[in-house]
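2 protein chains.
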Amino acid sequence: MSTGDLESLRLWLRLFTTTTLVERQLDSALKREFSSTLPRFDLLAQLERAPDGLRMGELSERILTTGGNVTWLVRALEAEKLVTRRVSPTDRRAAIVRLTTAGKRHFAAMAQAHEHWIADIFATLSPDDRRALHARLGVVKDRVRSPRSTT
Amino acid sequence: MSTGDLESLRLWLRLFTTTTLVERQLDSALKREFSSTLPRFDLLAQLERAPDGLRMGELSERILTTGGNVTWLVRALEAEKLVTRRVSPTDRRAAIVRLTTAGKRHFAAMAQAHEHWIADIFATLSPDDRRALHARLGVVKDRVRSPRSTT
DNA sequence: GCCAATTCCTTGATATTTGAAGTAATTGGC
DNA sequence: GCCAATTACTTCAAATATCAAGGAATTGGC
Chain A
1 MSTGDLESLR LWLRLFTTTT LVERQLDSAL KREFSSTLPR FDLLAQLERA PDGLRMGELS
61 ERILTTGGNV TWLVRALEAE KLVTRRVSPT DRRAAIVRLT TAGKRHFAAM AQAHEHWIAD
121 IFATLSPDDR RALHARLGVV KDRVRSPRST T
Chain B
152 MSTGDLESLR LWLRLFTTTT LVERQLDSAL KREFSSTLPR FDLLAQLERA PDGLRMGELS
212 ERILTTGGNV TWLVRALEAE KLVTRRVSPT DRRAAIVRLT TAGKRHFAAM AQAHEHWIAD
272 IFATLSPDDR RALHARLGVV KDRVRSPRST T
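Pasting the structure below:
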C-alpha cells in the first residue's frame, strides 16, 4: 500500500462524512420548516427545471434512484397535488410528470430557504476555494461515471 | 440571490452526486466480491481501529447512523460470528462490541480490495489536488459540525 | 404487416433506515 | 442512601430504498 492509497482513503472518508452531515442538516431543516424531505425536494427541483415535464425514467436517472422509488415518490406527490402525471402523447408506455401551480408555489418557497441554508454552509469557503472544490469534484465524478481499469 | 449563492448550490449538487456515485460503486463492488455492504464494512472498519472494542453508542456516532440501526447491523454481524457483544464490566447498560478472529480476517480481505478501489478512483487527481480537496472539505465539515447563525 | 427484442413503468417482496417510545442501569443533588 | 434526571440500548412501526419479475407499448428486421 502506497502513501497515496492512504491519502485517498482519508479523502474518501472525509468526502463521505461531509456530504452526509450536510445532507442530514438539509433534510432535517426541510422537515422542520416544510414537513418535506430531501428526496422530495430533489425530485421537485428537477421538475422545476423542466417546464415540459419529465418522464419517470428521466427522473430516476437525475435523482440517482431506482425506478420503483420514483413511482413511490411521484405517487405521494401526486396525492398532495404537487405534481400531475399524464400519458405521453407520443409513447403510451411513458408517463410525463409535471409540477402543478401549487407545486411550483410550494417548491419556490422551499427553494429559497434551501438556497440560504446552502449559501450559509459554503460561505466558510472563499469563492476561489469553491471553484477549486467544484472543479476537482468534477474530475472524480467523471471518473466514476465512466469507470475504467487501473492499468 | 447573489451569484455566490448559485455557485454554492451547484457545488453542493456536485458534492452530493459525486459522493453518491462513489458510494454506489463501492457498495456494489462489496456486494459482488464479498456479499457485503458499505454500512457493514464501515462498522467493521471502526472496530478494526479499536482493539478494545466500542460501545453501541460510539459506533452509531462514528458511522453516522441511528442507534436502532446499529442494533440491527450488530445483530446481523453477530449472527455471522464476525463480532461479539459483551456487557461492559463498568457499566451494565453498555454493550461492548469487538471483532472476532474471523471478523478480523474477513475485514482484512475486504479492506485491501476496498483500498484499491478507492485509490483507483482518486488516482485521477494529483497528490496536490487530493490534499487541496481534503483541506477544503475539512472547512465545510467543521462548519456543519458546529452550525452558527449567518450573521 | 408480423414477431421477437427492447423499453417504460409498476408491482410486490425485501432490505434498510429512521424516529419515537420503552426498559434497564447509572448518576448527582440532597 | 433515595429519587429524579440522565444515559445506553432495544424495540416496533413507519418511511424509504432496492431488486426482480411482469404487463403494456414500441421498434426493427424481415
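In the order they appear, the protein sequences are chains A and B. Note that the first sequence covers residues 1 to 151 in our numbering. Note that the second sequence covers residues 152 to 302 in our numbering. Note that CB positions come from ideal geometry on N, CA and C, so glycine has one too.
Contact of Phe41 (chain A) with chain B by beta-carbon distance below 9 Å is absent, the smallest such distance being about 12 Å. In the displayed model, Thr170 (chain B) falls within a helix according to three-state DSSP.
Listed in chain order, the non-local C-beta contacts of Lys81 (chain A) below 8 Å within the same chain comprise Thr100, Ala102, Gly103, local neighbours out to five positions each way being set aside. The stretch 237-246 of chain B makes no contact with the stretch 171-181 of chain B; the number of CB pairs closer than 8 Å stays below 3.
Between the C-alpha atoms of Arg49 (chain A) and Val139 (chain A) there is a straight-line separation of about 25 Å.
Apart from the 5 residues on each side of it in sequence, Thr188 (chain B) sits with its Cβ closer than 7 Å to the Cβ of Asp178, Leu181, Lys182 in its chain, given in chain order. Rounded to whole angstroms, the Cβ separation of Thr20 (chain A) and Leu215 (chain B) is 5 Å, and the two are in contact under 8 Å. For Phe107 (chain A), no CB of chain B lies under 8 Å from its own CB, so it is not counted at the interface with that chain.
Considering only beta carbons, the part of the stretch 158-173 of chain B lying closer than 7 Å to chain A consists of Glu158, Ser159, Leu160, Arg161, Leu162, Trp163, Arg165, Leu166, Phe167, Thr168, Thr169, Thr170, Thr171, Leu172, Val173, in chain order. Here the alpha carbons of Asp203 (chain B) and Leu59 (chain A) stand approximately 47 Å from one another. Excluding sequence positions up to five before and after Val173 (chain B), its CB lies within less than 7 Å of the CB of Ile272, all in the same chain and listed in chain order.
Taken through DSSP and simplified to helix, strand or coil, Ile121 (chain A) comes out as helix.
Beta-bridge partners assigned by DSSP to Thr235 (chain B): B:Arg249. No residue range can be given for Arg92 (chain A), since it is assigned to no alpha helix (DSSP H) and is classified by DSSP as neither H nor E.
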